[in-house]
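Residue numbers (my numbering), protein chains in the order written: chain A, 10 to 580; chain B, 3 to 690.
See the structure below:
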């Protein structure tokens with residue numbers, strides 16, 4: 010790794026660190042379900058009443074989950090319809106026709122599940138209306154859904170002896186209005202100021218240097234780009250995603266985009282600490298995420314900077330110098346180079362964002378394995394907005410359970426006893442994504458429809474399929490582009506993985522929230538296992554890595570590891 | 003009576019356990035343990051594969067499949083053996099209780115009164131409510147309550163205490179246990195339980211593990227283990243399509259075989275903890291039994307580990323039951339020697355421990371060398387509830403000792419008065435937590451004898467340890483606040499309840515529970531029953547009443563008030579053992595991957611040999627070594643499962659750090675060494 014890469018990482022983490030407290034202070038009242046007083050609260054109450062919702066009426070976990078699933082299913086239906094009918098709808102200067110049924114289905118599920126896996130390419134498929142009213146709206150709502158579930162789980166820990174985990178309608182409304190909209194508004198303005206695009210014009214035709222007629226895609230990009238990062242959605246307006254200069258024009262926007270991905274997941278840790286009335290608990294969780302992230306980010310940087318040994322044999326200079334970034338530049342924007350591309354890759358896969366500013370498929374074997382593994386860990390290293398925290402808390406409960414026994418007490422986390430019911434939900438939650446990823450990949454490699462999409466047969470082709478299912482089931486949405494996934498087979502398979510990866514996970518998490526909220530909070534004593542110290546951080550890291558590693562090592566061995574070993578052995 | 007130490011691998015126990023290991027090979031027995039059931043199922047598959055290989059259609063050499071199948075069966079058998087051994091040890095302890103059930107007949111009365119006609123019936127025909135008479139040298143046929151009569155009873159069979167105890171109708175000594183023997187006199191007993199439900203029956207059932215139900219924590223752990231097993235099942239099963247695809251695209255090698263997948267699966271699923279889990283539970287009960295405590299449920303043992311608050315009776319637990327004279331405080335104008343001598347004289351005939359201690363103290367002060375001269379003309383005045391004094395009359399000297407107000411009345415009646423300074427001394431003594439005893443001669447008050455509650459040696463350190471473990475100690479006493487506060491401070495308890503009544507005790511427990519704490523207490527009297535029923539862990543003294551025992555969830559056969567502390571330790575130890583072995587089991591998987599993955603794909607992707615960091619000889623030896631290690635580690639850990647991990651009174655943080663280092667880090671490293679060693683042995687023997 011070059012010193013520039015290290016400096017970038019340090020600056021990134023420092024700036025992120027500075028946002029944690031203010032973000033926590035901003036979001037905590039939302040999580041507590043209070044909005045201060047005065048005009049603000051009155052507006053809030055009136056708005057919710059207009060929607061027929063009593064924002065103060067609590068819901069049990071089942072009611073909350075049902076509302077959530079119905080809400081998201083309706084969102085998916087709407088999005089599907091909009092894509093199918095876009096040809097006859099306004100804001101379509103390019104007169105783009107209906108999107109195919111399987112692609113519409115895949116995309117609808119993808120955006121509702123906060124995955125933003127894109128089998129299509131935006132500029133040649135989606136009308137401005139679909140982008141603005143369909144995809145962007147789901148960007149907001151899927152993000153708000155994730156945060157709402159995290160709030161419900163936090164409340165489960167913070168509340169005692171109640172069935173009430175909050176009100177879904179109030180949560181989603183407030184999160185969207187008071188958190189996501191203002192942040193996105195500011196972010197969009199910043200993007201525009203840096204050269205980001207925001208218009209509704211038709212595509213601009215021009216003659217390129219080579220004398221061919223070309224067209225330059227236009228559109229309301231910045232407004233969608235902002236929530237794409239802030240809501241860890243990752244679905245690009247254009248096919249090139251954040252590598253496109255209109256989506257991500259400058260080094261500053263690149264930095265801000267990375268920051269935007271992590272800002273809510275990091276802040277939510279602090280919200281957790283604040284609500285359980287011990288901010289150290291939140292910092293400990295954040296420390297777990299940060300430590301794993303730093304190691305992975307450095308890993309990607311090191312492997313990418315190392316370059317390709319076969320090029321070395323050909324006498325190609327791959328060393329960083331004042332003239333070049335060095336390393337493996339295949340599939341990377343020269344504007345961003347190794348440092349900003351590898352850090353972006355680590356950020357976007359640690360969080361379940363999936364926006365890319367470089368092609369992960371072209372990374373070195375191990376440089377590409379780390380992003381894949383970050384997803385396979387369950388998107389808990391910062392993770393998606395909300396989903397990262399609730400996924401991590403599930404693993405923390407698991408860590409507490411095993412370690413808690415070792416101090417000679419039946420385990421408890423934050424004063425809540427971890428009993429058979431909780432373990433059942435934890436076990437279910439842990440099973441969801443490995444089942445989807447491993448079974449999905451198995452089906453794909455066994456069927457000719459699955460094998461057909463692979464551009465590079467061999468271990469790398471296997472990695473492409475494994476990456477696709479890891480990305481879909483863990484709701485990341487980034488891709489190893491070598492896989493042609495816009496086929497009925499992959500559209501169907503991956504949509505299934507995305508839907509269940511999202512909602513089959515949310516159900517046990519909500520059940521856990523409901524179970525925890527009903528419990529008493531036991532007082533802590535010196536006999537209670539501390540869950541805010543360095544030892545606990547190590548323990549949770551160990552649990553995350555062990556569960557992640559043990560599940561995926563055999564599969565990874567057959568993909569990137571074998572590819573890496575082969576590459577360095579000169580194949 | 004000591005049932006504590008059975009040698010771990012006593013041949014008398016191991017032999018039947020070996021037999022049981024095979025007996026437990028039925029699907030019915032195996033399905034109770036999901037993790038081991040998976041091993042059992044794949045062992046069957048491996049055996050089938052072996053037979054297939056024998057007839058010439060094997061996917062691998064028959065000897066390799068056969069050896070792996072054999073070691074998979076060993077894995078199942080070793081787990082069975084661990085459980086059988088733990089149960090065997092428990093049964094051995096239960097045998098000693100069964101001796102109590104020898105009684106075969108009972109004298110059933112037709113009317114519930116002594117002297118009514120009776121007929122001889124079998125003890126097992128007695129029903130709840132039946133009334134029997136038991137006479138000297140007869141065995142009490144059932145658990146019950148004395149409704150008439152008084153007798154001395156030998157309860158040594160249960161308690162190990164050889165001194166007989168008195169059992170009589172009414173009050174706190176009315177409960178009798180079936181199987182104990184009446185030594186003298188007679189009693190009429192009303193049976194309080196049906197046959198098969200007696201206290202001893204339940205004890206035996208519990209100990210034998212016949213009625214052992216999984217505790218909540220055991221269930222939660224099993225759920226986790228099942229979850230992990232499913233994850234690993236997925237990881238291994240999907241390797242088959244992955245491998246098929248790899249072979250297809252790399253055009254080399256052959257797909258992974260069933261035998262390898264089976265070996266990988268068994269090595270990865272948490273067999274170590276899965277195999278030892280039930281042994282740990284049985285052994286926990288057994289250790290409790292070793293401490294002469296019988297729990298009515300495993301749940302109670304587990305709860306003991308969680309206790310936050312210990313309610314301890316002052317007398318007997320924190321202090322010795324008796325008070326000791328500690329100083330003579332003479333009134334103005336009286337020498338200490340005069341007071342001491344008067345006190346000595348008045349106590350010579352006093353057989354109470356307090357009286358004796360006064361004599362001893364006086365001797366030390368007056369340096370009287372054993373010549374306990376009882377004056378010839380001495381007449382002793384015994385203590386009565388009316389006078390509330392005792393004393394001696396030696397000629398004209400009328401010496402009395404007693405509580406301050408009793409003596410005041412005595413001297414005032416004789417025309418004297420209580421000096422103000424003596425009143426002050428009385429108050430001071432009480433403030434110190436001691437009992438003041440005033441001595442007077444005729445109308446003159448001589449001074450005060452301070453009777454001190456003696457705090458047991460070492461109890462303060464014990465409480466400090468408990469505090470470190472996060473357990474709060476609360477002293478319960480009938481004393482007034484001042485006295486209680488002084489003793490509480492001296493003993494180092496965290497809190498105290500003075501002037502305790504059954505109601506205030508119950509209220510205190512409820513208050514702690516409302517704060518979310520788990521409370522443990524001991525009790526023996528009928529009036530303790532509500533509090534015992536309310537407490538999360540309630541230990542009844544075996545000498546206590548039937549009501550107390552029914553309300554409690556444990557019974558201490560030794561009737562030792564400090565047993566509660568030991569119970570908590572045993573509960574914690576059991577949970578720690580479970581956690582430690584789970585951690586160890588999971589940590590083991592890392593090394594197993596490094597052994598099996600390169601071996602499994604050696605044919606398809608030879609470059610994966612780079613992962614063979616242990617340098618194992620061949621794919622076959624790598625597979626075998628991992629499977630053998632996986633089986634042997636269960637045997638190696640049986641002693642740990644049965645004895646429990648070493649218990650230390652440390653704070654949670656320190657305990658966790660220690661156990662994580664030993665069982666977590668150790669669990670990662672040990673199999674690397676172990677698998678390599680087995681590989682070297684296999685290679686050395688030329689087997690692979």
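All C-beta atoms, glycine included, are put in the ideal place defined by N, C-alpha and C.
Residue-chain proximity (residue i, chain A), Cβ-Cβ < 8 angstroms
| i | result |
| --- | --- |
| residue 212 of chain B | Because residue 212 of chain B carries a pLDDT of 47, less than 50, the predicted location of this residue cannot be relied on, and no value is offered for it. |
| residue 481 of chain B | no |
| residue 574 of chain B | yes |
| residue 578 of chain B | yes |
| residue 219 of chain B | yes |
| residue 584 of chain B | yes |
Opening and closing residue of the beta strand (DSSP E) in which residue i lies
| i | result |
| --- | --- |
| residue 136 of chain B | 133-137 |
| residue 215 of chain A | 213-216 |
| residue 524 of chain B | 521-525 |
| residue 188 of chain B | 183-193 |
| residue 453 of chain B | 446-457 |
Nearest candidate by alpha-carbon position, reference residue i, set the options
| i | options | result |
| --- | --- | --- |
| residue 552 of chain B | B/248, B/618 and B/199 | B/199 |
| residue 553 of chain A | A/238, A/401 and A/505 | A/401 |
| residue 330 of chain B | B/240, B/314, B/513 and B/364 | B/364 |
| residue 105 of chain A | A/114, A/168 and A/94 | A/94 |
| residue 460 of chain A | B/146, B/246, B/195 and B/114 | B/246 |
| residue 281 of chain A | A/26, A/27 and A/34 | A/34 |
| residue 41 of chain A | A/135, A/177, A/568 and A/227 | A/177 |
| residue 376 of chain B | B/368, B/468, B/396 and B/391 | B/396 |
| residue 685 of chain B | B/621, B/656 and B/669 | B/621 |
Proximity test, Cβ basis, 8 angstroms: residue i and chain B
| i | result |
| --- | --- |
| residue 80 of chain A | no |
| residue 467 of chain A | yes |
| residue 293 of chain A | no |
| residue 296 of chain A | no |
| residue 433 of chain A | yes |
| residue 418 of chain A | yes |
| residue 618 of chain A | Only positions 10 to 580 of chain A appear in this structure, which leaves residue 618 of chain A out of reach. |
| residue 471 of chain A | yes |
| residue 234 of chain A | no |
| residue 428 of chain A | yes |
Per-residue burial, residue i [other beta carbons within 10 Å of its own, 16 or more giving buried]
| i | result |
| --- | --- |
| residue 253 of chain B | exposed |
| residue 434 of chain A | buried |
| residue 333 of chain B | buried |
| residue 314 of chain B | buried |
| residue 537 of chain A | buried |
Per DSSP, the bridge partner or partners of residue i
| i | result |
| --- | --- |
| residue 400 of chain B | B/395 |
| residue 322 of chain A | The partner list for residue 322 of chain A (beta bridge, DSSP) is empty, contrary to what the question assumes. |
| residue 167 of chain B | B/155 |
| residue 146 of chain B | B/178 and B/193 |
| residue 123 of chain B | B/108 |
| residue 341 of chain A | A/367 |
Boundaries of the alpha helix (DSSP H) in which residue i is found, first to last residue
| i | result |
| --- | --- |
| residue 565 of chain B | 565-589 |
| residue 477 of chain B | Careful: residue 477 of chain B lies outside any alpha helix (DSSP H), inside the beta strand (DSSP E) at 474-478. |
| residue 401 of chain A | 396-415 |
| residue 384 of chain B | No alpha helix (DSSP H) contains residue 384 of chain B, which DSSP labels as neither H nor E. |
Check: residue i C-beta below 7 angstroms from any heavy atom of the ligand GTP
| i | result |
| --- | --- |
| residue 53 of chain A | No copy of the ligand GTP appears in this structure; indeed no ligand is present at all. |
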